[in-house]
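**Q** Questions regarding the structure given below will be posed in turn.
There are 2 protein chains.
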Amino acid sequence: MPRSSFAEIDCPIALAAEQLADKWKFVIIRNAFNGMTRFDDFAAQLGVASNVLTKRLTELVEAGIFEKTPVQNDGRAVDYRLTAKGHDLFPMLIFLVQWSDRWMKKKGGPRLNVAYGETGEPVEPVQVKTASGVVVTAKLAKVSEGRGRNPMYREIKTLVDKRRLKCT
Amino acid sequence: MPRSSFAEIDCPIALAAEQLADKWKFVIIRNAFNGMTRFDDFAAQLGVASNVLTKRLTELVEAGIFEKTPVQNDGRAVDYRLTAKGHDLFPMLIFLVQWSDRWMKKKGGPRLNVAYGETGEPVEPVQVKTASGVVVTAKLAKVSEGRGRNPMYREIKTLVDKRRLKCT
């Protein structure tokens, strides 16, 4: 039977996919990083149907990426704010900005500048690096099962090895 | 009218969302980074319906993230392989692995180890950094419109500023 939820799959990518991999969630999170907090502002700016937005915000709250807090002195109004777990997505957002600017280039230059506020020093491309500064690409990486175990990783490796055997 | 495609939106996050923000695509890309190339292997490992998989792979090929190449000496068989644009997603995948291991911790430790193959030195958490080594979080960042312009960014900022004005 086709899987519909990844929530029970013990794989870090599947877990992240279940919580994040949705077009609306990407732009909701983008807007939150830019200081947006209100349902009506998300709805107006995104041009998204109310029920779709409600579902996404509810899921993001359930996943602990957003929290709902009552607005002071404003009756029933609530703010949707990024939690620490949500704020921790910043590198993904900046990576995606840079990736889009690299691969869907715009005449004139990048669409967004990101710098360290205090000095104005621009940020570098988001990369995978070791402490000693080696940039690790997929080809240079050695990936292995962690101490926490990862049955899905073993399953994929087994299938890939079987295919290689067949082809040689 | 609610938007259904983000392809025409000139925002780097919306463009990336249109091409990537889908649960199945996340795990398809994960499997590709682990060396999987065949439709039947993706279908078997993911437990996904054929039509769903076909749609996702077609979109990934159209987006230039995968390429379809005929398998040598094997009739109609094709391989789906990551292009350079696809390989360039490696930092996002590793970030998501680390993010899940931080926020959906598993007893025993991380689910996956990633190291530099040649020396075995583990990779650091994927972060946003300047050339001089400052780690730039959302709170420390100064984001501004790039030379390539970004009307969506201005639109969001205007809405957020209007809301702030209302609340003070």
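Chains as they are written, first to last, in the working numbering: chain V, 1 to 168; chain E, 169 to 336.
Just so it is clear, CB atoms sit at the ideal spot from N, CA and C, and this is done for glycine as well.
#1: Can you confirm whether the region 91-107 of chain V touches the region 49-68 of chain V when touching is taken to mean that 3 or more C-beta pairs between the two stretches lie within less than 8 Å?
#2: Relative to the C-alpha of C167(V), which residue among V239(E), N219(E) and P180(E) is closest?
#3: So who's on the other strand from S300(E), going by DSSP bridges?
#4: Which residue comes first and which comes last in the beta strand (DSSP E) that contains F234(E)?
#5: Using only the alpha-carbon positions, how far apart do K107(V) and N318(E) sit?
#6: List the residues of chain V whose Cβ lies closer than 7 Å to the Cβ of P278(E), in chain order.
#7: According to a CB-to-CB cut-off of less than 9 Å, which residues of the region 80-93 of chain V neighbour chain E?
#8: Residues in the same chain with beta-carbon distance under 7 Å from T37(V), minus the five sequence neighbours each way, listed in chain order, please.
#9: Name, please, each residue of chain V whose Cβ falls closer than 7 Å to the Cβ of I181(E).
#10: Skipping 5 residues on each side, what residues in its chain have a beta carbon closer than 7 Å to that of E121(V)?
#11: Within this structure, are the beta carbons of A212(E) and L165(V) separated by less than 8 Å?
#12: On the DSSP letters alone, give me the boundaries of the alpha helix (DSSP H) that L53(V) sits inside.
#13: Who are the neighbours of R163(V) on chain E, taking C-beta pairs under 7 Å?
#14: In chain order, which continuous runs of the beta strand (DSSP E) of length 3 or greater are located wholly inside the region 281-336 of chain E?
#15: If you draw a straight line from the C-alpha of P293(E) to the C-alpha of V220(E), how long is it?
#16: For a minimum of 4 consecutive residues, which ranges assigned as the alpha helix (DSSP H) are wholly contained in the region 90-115 of chain V?
#17: Kindly list the residues whose CB is nearer than 6 Å to the CB of Y321(E), restricted to its own chain and excluding five residues on each side of it in sequence; keep chain order.
#18: Are there 16 or more other CB atoms within 10 angstroms of the CB of N199(E), so buried, or fewer, so exposed?
#19: Locate the alpha helix (DSSP H) running through R30(V), then write down its first and last residues.
#20: List the residues of chain V that G288(E) touches, going by C-beta distances under 9 Å, in chain order.
#21: Would you identify the three-state DSSP class for D178(E), choosing helix, strand or coil?
#22: Measuring straight from C-alpha to C-alpha, what distance separates I324(E) and Q187(E)?
#23: Starting from F66(V), find everything on chain E with Cβ-Cβ shorter than 9 Å and list it in chain order.
#24: What do you get for D74(V), buried or exposed, if any count of 16 or more other CB atoms within 10 angstroms of its CB means buried?
**A** So, to answer that:
#1: no
#2: Position 167 of the first sequence, counted from the first residue, corresponds to residue 167(V). Residue V239(E) is the option with its Cα nearest to C167(V).
#3: Residue 300(E) sits at position 132 when you count from the first residue of the second sequence. Paired residues: none, contrary to the question.
#4: Here residue 234(E) corresponds to residue number 66 of the second sequence, with the count starting at 1. Residues F234 to P238.
#5: As a first step, residue 107(V) must be located in the first sequence, where it is residue number 107. As a first step, residue 318(E) must be located in the second sequence, where it is residue number 150. Approximately 12 Å, taken between the alpha carbons.
#6: On the second sequence, position 110 is the one that residue 278(E) refers to. Correct list: G146, R147 and G148.
#7: L82, A84, K85, H87, D88, L89, F90, P91, M92 and L93
#8: In the first sequence, counting from the first residue as 1, residue 37(V) sits at position 37. Same-chain partners within the cutoff: D79, Y80 and R81.
#9: Translated into the one-based positions of the second sequence, residue 181(E) becomes position 13. The answer, in chain order, is F26, V27, R30, L93, L96 and V97.
#10: Here residue 121(V) refers to the residue found at position 121 when the first sequence is read from its first residue. Excluding sequence neighbours, E121(V) sits near A115.
#11: As a working mapping, residue 212(E) is identified with position 44 in the second sequence. As a working mapping, residue 165(V) is identified with position 165 in the first sequence. Contact: no.
#12: The residue labelled residue 53(V) in the question sits at position 53 within the first sequence. Residues S50 to E62.
#13: Here residue 163(V) refers to the residue found at position 163 of the first sequence. In chain order: R206 and D209.
#14: 309-313
#15: Taking the second sequence and counting its residues from 1, one reaches residue 293(E) at position 125. Taking the second sequence and counting its residues from 1, one reaches residue 220(E) at position 52. Going from the Cα of P293(E) to the Cα of V220(E) covers about 33 Å.
#16: 90-103
#17: The residue labelled residue 321(E) in the question sits at position 153 within the second sequence. Counting only Cβ-Cβ distances below 6 Å, and skipping sequence neighbours, we find E313.
#18: Indexing the second sequence from 1 puts residue 199(E) at position 31. Result: buried.
#19: Indexing the first sequence from 1 puts residue 30(V) at position 30. Where R30(V) is concerned, the enclosing alpha helix (DSSP H) stretches over K23 to F33.
#20: Working through the second sequence from its first residue, we reach residue 288(E) at position 120. Near G288(E) (Cβ distances below 9 Å), the residues of chain V are K142.
#21: The count along the second sequence starts at 1 and reaches residue 178(E) at position 10. Correct three-state label for D178(E): coil.
#22: Within the second sequence, the letter at position 156 stands for residue 324(E). Within the second sequence, the letter at position 19 stands for residue 187(E). Near 22 Å, if we compare the C-alpha coordinates of Q187(E) and I324(E).
#23: The residue you call residue 66(V) lines up with position 66 of the first sequence. Going along chain E, no residue has its Cβ under 9 Å from F66(V), so there is no contact; the nearest lies around 13 Å.
#24: Indexing the first sequence from 1 puts residue 74(V) at position 74. Exposed, because fewer than 16 other Cβ atoms sit within 10 Å of the Cβ of D74(V).
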